[in-house]
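Protein chains in written order, with UniProt numbering: chain A, 1 to 226; chain B, 1 to 215.
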């Protein structure tokens with residue numbers, strides 16, 4: 001089986017999201033860089049893989065995918081069978097498969113629609129805007145950190161009841177998908193917003209301790225300009 | 001205890017759930033949530049949807065939030081072919097375009113809906129045209145991609161209709177009812193695809209519920 005291809009640098013959160021899944025399952029992969037400076041992401045070859053000109057794109061044989069969260073689901077569906085059964089990360093481990101899958105789906109969407117927008121907004125102001133020569137908008141940052149705090153209150157209550165977000169007693173893709181953006185967020189001064197939420201912090205520490213996640217963290221650090 | 005959906009049918013996210021229930025032909029109860037009076041932020045509703053949003057969904061002991069997750073649950077239990085989970089490549093394409101619906105289409109439409117419908121009707125205010133214009137530009141960029149895709153395939157995930165297509169109908173419903181409906185005229189395949197989705201009996205039924213709720 002030839003390695004799957006991931007298009008885009010590990011420094012990008014959405015690329016890292018896919019890499020975590022591949023590492024968790026021990027799938028052989030190859031990273032193909034996309035040169036943003038040379039506007040390669042807007043060139044015809046890349047647009048053929050990701051029509052929105054974004055990263056990641058992904059290729060497995062003839063199948064070409066984009067949207068990191070869709071890629072992650074595909075990776076688990078296809079490669080789960082070759083792992084040792086503990087990698088069934090699209091379920092929460094419960095006996096009722098429909099319910100188990102629904103809870104993971106729900107918390108996957110919570111990450112995408114509640115958690116990430118708040119973290120992303122801070123990330124853009126703190127990292128992207130200065131990189132483009134601008135000044136961070138502290139009002140936007142404050143509002144986003146407040147939104148994040150409200151989301152973390154919900155997470156704290158959830159994690160007080162269950163060890164992992166989707167319920168059940170095993171990690172799921174819903175937990176893992178939080179890693180890349182949170183990894184960067186924790187390097188920012190606003191990371192202190194997590195201090196009021198001990199269950200969330202414990203959940204995060206456990207996530208970050210996973211070997212696959214540690215490996216991707218190193219790749220993200222190596223490829224970030226700093 | 002049967003299936004309950006909490007929230008107004010006029011909400012795009014509630015409508016997304018209702019259309020799936022109609023697709024699989026399952027009985028359900030639609031329980032109103034009085035959002036103008038803040039019912040969705042009060043403890044009883046927060047116990048069902050901790051983010052204080054609609055819909056919330058209940059099937060027996062299972063309580064769910066997030067409309068697309070609820071949609072998948074309903075379709076799987078109902079044995080629907082709209083997810084294609086028996087086929088790796090097809091289900092992957094459904095997932096891809098469902099993500100696009102959320103990230104590119106609905107993300108641009110939500111502010112437009114808020115400005116053009118919620119602010120005038122619910123809050124008695126005037127739309128911020130700058131917000132509307134910015135998001136119409138975002139929408140058009142997305143529609144260009146959709147037009148190219150739908151020129152090659154009958155539906156977004158391929159030659160088969162899927163949740164990825166139907167998931168667009170609630171926001172498309174509002175686009176068609178807004179002053180900006182003509183935005184799709186420049187994209188003939190998109191226009192035809194929307195018409196195709198709107199012709200589905202399940203979609204027609206839920207659109208009626210949406211209109212009644214907004215009246």
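The C-beta atom is built at its ideal place from N, Cα and C for all residues, glycine as well.
Residue 220(A) to residue 192(A) span [Cα, whole Å]: Near 22 Å, if we compare the C-alpha coordinates of residue 192(A) and residue 220(A).
field: Under 9 Å by beta carbon: chain B residues contacting residue 66(A)
entry: 96, 99 and 100
query: Where residue 36(B) and residue 42(B) are concerned, what is the direct C-alpha to C-alpha distance, given to the nearest angstrom?
result: For residue 36(B) and residue 42(B), the gap between their C-alpha atoms comes out near 12 Å.
field: Ordered list of alpha helix (DSSP H) runs contained in the segment 177-208 of chain A, each at least 4 residues
entry: 179-185 and 198-208
query: Given that residue 50(B) touches chain A, what residues does it touch there, using C-beta distances under 8 Å?
result: Correct list: 154, 157 and 158.
query: Can you give the Cα-Cα distance for residue 59(B) and residue 103(A), rounded to whole angstroms?
result: 13 Å
message: Below 8 Å, how does it come out for the segment 69-78 of chain A and the segment 85-96 of chain B: are there three or more Cβ pairs, yes or no?
response: yes
task: Have a look at residue 14(B) and residue 178(B) and give me their C-alpha separation to the nearest angstrom.
output: 19 Å
message: Per DSSP, what are the beta-bridge partners of residue 150(A) in this structure?
response: DSSP, once it has assigned bridges, lists no residue as partnering residue 150(A).
task: Specify, as a first and last residue, the run of the alpha helix (DSSP H) that residue 169(B) falls within.
output: Annotation for residue 169(B): the continuous alpha helix (DSSP H) segment containing it runs 169-176.
query: Taking Cβ positions, are residue 51(A) and residue 18(A) nearer each other than 8 Å?
result: no
query: Which chain B residues sit within Cβ distance under 8 Å of residue 69(A)?
result: 95 and 99
Exposure of residue 27(B), with buried meaning 16 or more beta-carbon neighbours within 10 Å: exposed
query: Mind pulling the chain A residues with CB within less than 8 Å of residue 162(B)?
result: The premise fails here: residue 162(B) is roughly 13 Å from chain A at the closest Cβ pair, so nothing lies under 8 Å.
- prompt: What three-state label does DSSP hand residue 63(A) in the structure shown?
  reply: Strand.
message: Is there a Cβ of chain A sitting closer than 8 Å to that of residue 104(B), yes or no?
response: yes
- request: Starting from the Cα of residue 92(A), find the closest Cα among 6(A), 169(A) and 203(A) and give me that residue.
  value: 169(A)
- request: Would you be able to state if there are at least three C-beta pairs under 8 Å between the segment 1-10 of chain A and the segment 188-206 of chain A?
  value: no
message: To be precise: take each residue of the UniProt domain "GST N-terminal" (1-82) of chain B, compare its Cβ to all Cβ atoms of chain A, and keep it if any distance is under 7 Å. Which residues remain?
response: 50, 51, 62, 64, 65, 66, 68, 69, 72, 73, 76 and 77
- request: For residue 110(A), go through chain B and note every residue whose CB falls closer than 8 Å to its CB, in chain order.
  value: For residue 110(A), the neighbours in chain B by C-beta distance under 8 Å run, in chain order, 51, 65 and 66.
query: Which value, in whole angstroms, describes the spacing of the CA atoms of residue 151(B) and residue 47(A)?
result: 16 Å
query: Taking the DSSP output, what are the residues bridged to residue 57(B)?
result: For residue 57(B), which the question treats as bridged, DSSP gives the partners 5(B) and 64(B).
field: Range covered by the beta strand (DSSP E) that runs through residue 29(A)
entry: 29-32
- prompt: What are the start and end residues of the beta strand (DSSP E) that includes residue 7(A)?
  reply: 4-7 is the extent of the beta strand (DSSP E) around residue 7(A).
message: Give me the residue from 141(A), 140(A) and 196(A) with the minimum Cα distance to residue 152(A).
response: The shortest Cα separation from residue 152(A) among 141(A), 140(A) and 196(A) belongs to 196(A).
query: Which residues in the same chain as residue 183(B) place their Cβ atom closer than 8 Å to its Cβ, once the five residues preceding and following it in sequence are excluded?
result: 136, 139, 140, 143 and 175
query: Does any C-beta atom of chain A lie closer than 8 Å to the C-beta of residue 186(B)?
result: Answer no: the Cβ-Cβ gap between residue 186(B) and chain A never drops below 8 Å.
query: In chain order, what residues of the same chain have a beta carbon less than 8 Å from the beta carbon of residue 118(A), not counting five sequence neighbours either side?
result: 144, 145, 147, 148 and 151
field: residue 187(B), DSSP secondary structure in three states
entry: coil
query: Any Cβ of chain A within less than 8 Å of the Cβ of residue 131(B)?
result: Cβ-Cβ to chain A under 8 Å: no for residue 131(B).
message: Using the Cβ count rule (16 or more neighbours within 10 Å means buried), how would you classify residue 35(A)?
response: exposed
- request: Given a cut-off of 8 Å, decide if residue 70(B) and residue 55(B) are closer than it, judged by their beta-carbon atoms.
  value: yes
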